[in-house]
Amino acid sequence: MGKTCKVVICGMKGVGKTAILEQLIYGNVNLKTHFYPTIEDIYVANIETDRGTKERVCFYDTAGLEPPLTGEFKGPPQSPTMQLTANQVLQRQYLGFAEGYVMVYDTTKPESLDVLMYLKKDIDRNKDKKEVVMLVIGNRTGPDDVNSLENTCSKAANWCSREKVRHFEIGEGSFKPNQGVRECCQTEKIK
Ligand SMILES: Nc1nc2c(ncn2[C@@H]2O[C@H](COP(=O)(O)OP(=O)(O)OP(=O)(O)O)[C@@H](O)[C@H]2O)c(=O)[nH]1
Ligand SMILES: [Mg+2]
């Protein structure tokens, strides 16, 4: 067994971060499961990689971020110097400390993708020279908005390809996050 790697799960509040982790590790989540807002939780898992080895991964489930909702802060980030409040940014201790960041958004909440755009800039700015793996998970909690020109999922897919991060969608409107997350962990070979 190699060294334990640290992975931070982050994103807007209520997008399903804890649900995804609980389903990945315990497989005990269904539509009736309710979770309280997270302050901080740590899950330790032994995950089999596609190389057939077992890796120990420490997942840090973080408190959900508030969306940037007012005035000039509405929508995706315009300037790298903009000031966000403490509950709109990832707590400073998680920056530059993990090998992997899983950024989660809810495909039915466009503002949750905006949050990831801020978040990724923050992680990039603070990662120093360290190699970090980032990936984005779109949690499908309901159908796409047929009235919008570009749905949140395709917007996310475009952004991810520009930023060169892997993009996964899970859920398909029902609650089946398990497969997707397992696949993410294995294909990204988080080490
Ligand atoms: N229907 C459905 N409900 C979901 C899904 N994912 C999460 N939920 C529900 O949405 C609520 C919020 O999910 P959480 O997993 O607590 O979200 P979170 O991102 O951890 O929230 P914070 O810890 O507050 O940031 C919970 O009551 C879940 O049961 C999903 O894919 N489908
Ligand atoms: Mg949570």
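Letter by letter, the sequence shown follows residues 3 to 193 of the numbering used here.
Backbone N, C-alpha and C define an ideal beta-carbon position, used for all residues, glycine too.
Values in this document were obtained by computation on a predicted structure and should not be read as measured data.
| Check | Outcome |
| --- | --- |
| Going by DSSP, name the residue or residues bridged to I11. | D63, V104 |
| For ligand 2, list every residue whose C-beta falls under 7 Å from any of its heavy atoms, going in chain order. | K19, T20, F37, P39, T40, D63, G66 |
| For I27, collect the residues of the same chain with a Cβ closer than 6 Å to its Cβ; drop the 5 residues on either side in sequence, then sort them by chain order. | Y45, A47 |
| Straight-line CA distance for F1 to V31? | There is simply no residue 1 to check, as the chain begins at 3 and stops at 193 in what is shown. |
| What residues in its chain sit with their C-beta under 7 Å from that of G153, if we drop five residues either side in the sequence? | First, the residue type needs correcting, since residue 153 is Asn and not Gly in the sequence shown. Same-chain partners within the cutoff: D146, D147. |
| I want to check one thing, is the minimum distance from the CB of T87 to the heavy atoms of ligand 1 below 7 Å? | no |
| According to DSSP, simplified to helix, strand and coil, what is E113? | helix |
| Regarding G173 and ligand 1, is the C-beta to nearest heavy atom distance less than 7 Å? | yes |
| I'd like the list of long-range same chain contacts for Y96, defined as Cβ closer than 6 Å, with 5 residues on each side in sequence excluded. | V10 |
| Counting Cβ pairs closer than 8 Å, one from the stretch 10-20 and one from the stretch 112-130, do we hit at least three? | yes |
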